[in-house]
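Encoded as structure tokens, the structure appears first; notes follow it.
Numbering (UniProt numbering), first residue to last: 1 to 106.
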């Protein structure tokens, strides 16, 4: 199955690759790694600007190449956003928390 497809159509087909990557990340201690969370990372972060169809072999390749650090940064930012919504942080405060002050020198 090397045909073009959409993200919605691809999810059940690439399930084994997602399961494999989730198992790998859990071996490294990343307990939040589930096929659904990895898919959410890819569709909301890595592929968020891509709207065209794609080849399934490329999707599987990108799933298997997910880096633990990138995945955990995404999950941490998602948790900050959820927490900020519950605590009433303003958008500006949340942006500062997630990305730091752009005027600060490193």
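Beta carbons are placed, not taken as given, at the ideal position from N, Cα and C, and that holds for glycine.
In this structure, the alpha-carbon of residue 73 lies about 26 Å from that of residue 13. Boundaries cannot be given for residue 28, as no alpha helix (DSSP H) includes it and DSSP labels it neither H nor E. Annotated three-state conformation of residue 44 is helix, per DSSP. Check the Cα spacing between residue 8 and each of 96, 56, 79: the tightest is with 56. When only Cα atoms are considered, residue 50 and residue 27 end up about 30 Å apart.
Assignment of residue 65 by DSSP, reduced to helix, strand and coil, places it in the coil class. By the C-beta density criterion, residue 16 is exposed, having fewer than 16 other C-beta atoms within 10 angstroms. Here the C-alpha atom of residue 39 lies approximately 7 Å from the C-alpha atom of residue 18.
Taking C-beta atoms as the reference points, residue 62 and residue 46 count as a pair closer than 8 Å.
Between the beta-carbon of residue 41 and that of residue 71 there is about 5 Å, and that keeps the pair under the 8 Å contact cut.
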